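Visitor: Just so you know, we're using our numbering here: the sequence shown kicks off at 1 and counts up by one. This is the structure I want to talk about, given as structure tokens.
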Amino acid sequence: MIFRQLFDKGSSTYTYLLADSDSREGVIIDPVKEQVDRDVSLIRELDLTIRIAVNTHCHADHITGTRLLREEIGSLSMISTASGAMADRYFDHGDVIRFGSHSLEVRATPGHTNGCSSLVLDNDVAVFTGDAVLIRGCGRTDFQEGDSRMLYKSVHEQIFTLPDSCLIFPAHDYKGRSYSTVGEEKKFNPRLSKSEEEFIGIMSQLNLSYPRMIDIAVPANLMCDYIGE
């Protein structure tokens, strides 16, 4: 399988490019608008056909690149039905996104937002967790329908039930780390390794600053970046 983890420094966002080595058919996960030229260049260099551009949720820290990718390479945008966002196609819990001989199983993991989904690759080899699980952290729950209890249950029921060896690829990292494992996060995550009530208490006391891009990014992402057009 072809796999690339790409980074946007401005929003500390990871974009993932996955493709079948034989058919060259693939998907891109969480593309960032400012990085579309980079992504398209790589897709063309590798001679890939990217039919689907997936958003794990409606992001608050960057504008999605799915609209521009559709214009450049014809890929269709995809997001969960529960997100309430515009897209070419929608998925729900249990759906499977196929590309060549590979697949991504959709698992609903709400809590950071209502529409958060995690994508499990092939036979539990890896999971793309969006903002549900970060490396030694998790997405915040103080805006955009956030619900700490729901996030805890989502992670423990849908992600922490995967094999300990399953690789975790998050949508963000702010300390230069690239991936983790289910086993590591179950043991070392300072929030999600706690009891449910302890987790809720931790999340209620984070006192994080208001997201810089939220008032621009969320309206744009709800419209798949077609806002004002």
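Every residue, glycine too, gets a C-beta built ideally from N, C-alpha and C. As the structure is a computational prediction, the values presented were derived from the model and not from experiment.
Enumerate, from N- to C-terminal direction, the unbroken beta strand (DSSP E) stretches of 3 or more residues contained entirely within the stretch 99-154.
Guide: The qualifying runs are 102-108, 117-121, 126-130.
Visitor: Check whether the Cβ atoms of L18 and V32 lie closer than 9 Å to each other.
Guide: Taking 9 Å as the Cβ cut-off, L18 and V32 do not qualify as a contacting pair.
Visitor: Can you confirm whether the stretch 2-15 touches the stretch 80-93 when touching is taken to mean that 3 or more C-beta pairs between the two stretches lie within less than 8 Å?
Guide: Touching, no, given that fewer than three Cβ pairs across the two stretches are closer than 8 Å.
Visitor: Classify Q205 as buried or exposed, calling it buried when 16 or more other Cβ atoms lie within 10 Å of its own Cβ.
Guide: The residue is exposed, with fewer than 16 neighbouring Cβ atoms inside 10 Å.
Visitor: Pick helix, strand or coil for M1, following the three-state DSSP scheme.
Guide: Correct three-state label for M1: coil.
Visitor: Is L167 near S180, with beta carbons less than 9 Å apart?
Guide: Cβ distance < 9 Å, so L167 and S180 count as in contact.
Visitor: DSSP three-state label for M63, please.
Guide: Checking the sequence shown, residue 63 turns out to be Ile, not Met. If DSSP states are grouped into helix, strand and coil, I63 belongs with coil.
Visitor: Going by Cα to Cα distance, which pick from P163, H57, K194 is closest to G115?
Guide: With distances taken between Cα atoms, G115 lies closest to H57.
Visitor: Quick one: what does DSSP say R38 is sitting in, helix, strand or coil?
Guide: DSSP places R38 in helix when its eight states are reduced to three.
Visitor: Within 8 Å, do at least three Cβ pairs link the stretch 39-49 to the stretch 78-87?
Guide: Verdict: no, contact absent.
Visitor: Could you tell me the boundaries of the beta strand (DSSP E) in which E157 lies?
Guide: Careful: E157 lies outside any beta strand (DSSP E) and carries neither H nor E.
Visitor: Whose CA, out of S21, D173, L162, V54, lies closest to the CA of N221?
Guide: Of the listed residues, the one whose Cα sits closest to N221 is V54.
Visitor: Around the C-beta of L208, are 16 or more other C-beta atoms found within 10 angstroms, so that it is buried, or is it exposed?
Guide: The residue in question, L208, is exposed, as its Cβ has fewer than 16 Cβ neighbours within 10 Å.
Visitor: Whose C-alpha, out of T15, D124, D22, is nearest the C-alpha of T66?
Guide: T66 has its Cα closest to that of T15, out of T15, D124, D22.
Visitor: In chain order, what residues of the same chain lie with their CB nearer than 6 Å to the CB of D131, ignoring the 5 residues before and after it?
Guide: The answer, listed in chain order, is H112, G139, A171.
Visitor: Looking only at DSSP bridge pairs, what is G26 linked to?
Guide: Partner(s): A19, I50.
Visitor: What residue from I97, V155, I50, P163 has the CA that sits closest to N189's CA?
Guide: Residue V155 is the option with its Cα nearest to N189.
Visitor: State the Cα-Cα distance for the pair D20 and V96, rounded to the nearest angstrom.
Guide: Taking the straight line from one Cα to the other gives about 16 Å.
Visitor: Which residue from L192, M213, Y210 puts its Cα closest to that of M203?
Guide: Ranking L192, M213, Y210 by Cα distance to M203 puts L192 first.
Visitor: Relative to the C-alpha of S117, which candidate in G183, R107, A126 has its C-alpha closest?
Guide: Cα-wise, what sits closest to S117 is R107.
Visitor: What does a CB cutoff of less than 6 Å around M213 pick up in its chain, not counting 5 residues either side in sequence?
Guide: Excluding sequence neighbours, M213 sits near D61.
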